[in-house]
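Shown next, in structure tokens, is the structure this report addresses.
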């Protein structure tokens, strides 16, 4: 769990942290340069009264004197109707340099503090600081684990260069990164007024109404050394109701301009002192050497980001450790794996081990690293490819088809392709078929016809392994049992039954989601956070095959809700529909981020039939911002099959549904949802023309009918489903 806490914040926030680190390192140079350039003090005991007198003699219209933490003194004045400012030599009171900060300094400061995005950028920078704190703590914990305990945290390391470099930089810079992240979070809290307010300035008091006291004669200014000064502001000219404002390391107050007396004062509070110390530690202003050290440590972040990505990429796809993985150039068998969730790697490892045990030299790698030039000794190439989403390439197969298409000639070794998928989905082994088609187009010789493994079936894999073994003259008997996912117990809270009149039992099942403390969730306990449209996986009793149902609720609802239809002979649906409140099942959650409304205010068209209403109802339930959602919903009969009938009416009344259109196929009208879409074609086309996205959920037949209807509706307007898909405005959850 610690590794996950370290990996994902690092990957997600890597770019942001690199920007903050580089800009922070650059900013750390300015306090040091300012300290070097600041004129030396004329004498250590120089008072503010003497300094102000000297500056006033040079610039009679002086309005303010500031002293930076570096010791640099700046005066601001108004003369002949024009403002002026300069860095001051305290020995003479004369200006010796421009007071304008370098343009680069202001640019870098804005980038570092807010990314040029004002408050939104400040929030993002604070999130980056929080990520850095989490990375620092989890990182040092991982180092301690790797080295064998806290006492050995600085012991020599072994392993790949990228891993050693990552840890070495971390060990050298973690103290500075902890300090920088903590102080940054404190400063962010101060910026957004999340900390208790300090004493602040005193209430402006009554003044004598007199003017003309000489600054050199004012007792408080004579007693205040310049090194304690922060700011002295002169009263507005010819305004007897104004006063001098003095800010020092001790506090701030007002001085009567007629009597020279201190007429109000507030000492600096403890919280203010802490905030100022935090500011000094983070910026290096007043501690330039420390700032340079922290800036140098910050430069480790880009290095660690790069090596971290390399380490993550090397372990992508949750691949198991494969022993005796021969070099590509001397392997007689090349196994290439395309996996999204990691299960296909388990099958690849089982095949690798069986072939190695039979005397073959095997090289197993990700499909994304396909490189035929390295396979000089290969006698066969095997592709084990899962399909992700709507027939797309899984994570570890990215770029495979492009690499294959770019080859001048096909690989010499013949190809065997084994697809992994779920026959319940229309794109079953779609990517594996794309590989076969691309190989055929390239003229790549086939070792075996493409075969498939349905829902991680050990029997399907064992059957294919025997056929593959026969083709290469090596008997193979492989019994690979996929690792079962971690499940949590869910207790049924309630059920609502439908469809009995039509002999098609359907139920809405609502399960309690156990409340789990955050720290326990970090340890992998409890269900992860989920949203409507995500999938809940259930392994029925006596079956190794997982069944997935679309969730109609989110974690924030406090329950997990699904719609289940009874399938003849269906093991899982039969078990679920046999549950009574108080009964439990074991389940896990699989994210489905491609099927949910995108952020924004564009309209959303929801189309579903039967139990396909589940996730669509969840989208409507969560639509508290009253985004324009239009639902077309088809069922058999309104009296027995209208799932969520009451809620749909309520959601339309309170604005969570902008419109509701129903279609009933077992009434006198015999209308299907695609018929309703055609009837409302003009409105559908107008919504899509206004940027609406379309989400469809239900059976394959319904989805095909909806696609055909939408194609007819869009064609006269120069649009098509392919266009919507390319723009990310058409999503399907089909079973």
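In the working numbering, the protein residues as written are 168 to 902. Yeah, the Cβ is synthetic: ideal placement off N, Cα and C, and Gly gets one too.
Spatial neighbours of residue i in its chain, beta-carbon cut-off 6 Å, leaving aside the 5 residues before and after
i           : result
residue 880 : 848, 851, 852
residue 762 : 700, 898, 900
residue 714 : 705, 739
residue 527 : 499, 500
residue 389 : 214, 216
residue 251 : 244
residue 275 : 190, 193, 194
Residue burial classification, residue i (beta-carbon count within 10 angstroms, cutoff 16)
i           : result
residue 321 : exposed
residue 403 : exposed
residue 222 : buried
residue 325 : In this predicted model, residue 325 has a pLDDT of only 47, less than 50, meaning its place in the structure is not dependable enough to derive any value.
residue 204 : exposed
residue 548 : buried
residue 576 : exposed
residue 197 : buried
residue 396 : buried
residue 657 : buried
residue 215 : buried
residue 675 : buried
residue 373 : exposed
residue 505 : buried
residue 816 : exposed
residue 611 : buried
residue 270 : exposed
Supposed contact pair residue j and residue i - C-beta distance, whole angstroms, cut 8 Å
i           : j           : result
residue 865 : residue 776 : 4 Å
residue 310 : residue 292 : That belief does not hold up - the Cβ atoms of residue 310 and residue 292 are roughly 26 Å apart, past 8 Å.
residue 553 : residue 595 : Not a contact, Cβ separation roughly 11 Å.
residue 531 : residue 571 : Actually they do not touch by this definition, with Cβ atoms about 18 Å apart.
residue 802 : residue 755 : Not quite, the Cβ-Cβ distance comes to about 29 Å (not below 8 Å), so this is no contact.
residue 787 : residue 824 : 5 Å
residue 218 : residue 387 : Wrong, their Cβ atoms sit about 14 Å apart, outside the cutoff.
Per DSSP, the bridge partner or partners of residue i
i           : result
residue 231 : 243, 400
residue 500 : 529, 547
residue 586 : 552, 619
residue 434 : 418
residue 796 : 771
residue 863 : 774, 899
residue 462 : In DSSP, residue 462 forms no bridge with anything.
residue 659 : 678
residue 732 : 673
residue 830 : 801
Three-state secondary structure assigned by DSSP to residue i
i           : result
residue 256 : strand
residue 897 : strand
residue 516 : helix
residue 715 : strand
residue 739 : helix
residue 181 : helix
residue 263 : strand
residue 628 : helix
residue 892 : helix
residue 664 : strand
residue 275 : helix
residue 757 : strand
residue 413 : strand
residue 364 : coil
residue 379 : coil
residue 563 : helix
residue 441 : helix
residue 598 : helix
residue 304 : helix
residue 852 : helix
residue 250 : strand
residue 507 : coil
Interface flag, residue i vs chain C, CB-CB below 8 Å
i           : result
residue 699 : The structure shown contains no chain C; it holds only a single protein chain.
Contacts around residue i, its chain only, beta-carbon distance under 8 Å, and the 5 residues preceding and following it disregarded
i           : result
residue 895 : 765, 860
residue 278 : 186, 190
residue 456 : 199
residue 709 : 738
Own chain, CB closer than 7 Å to residue i, minus 5 neighbours either side, in chain order
i           : result
residue 854 : 770, 772, 797
residue 245 : 228, 230
residue 873 : 774, 840, 841, 844, 863
residue 469 : 185, 188, 189
residue 435 : 417, 418
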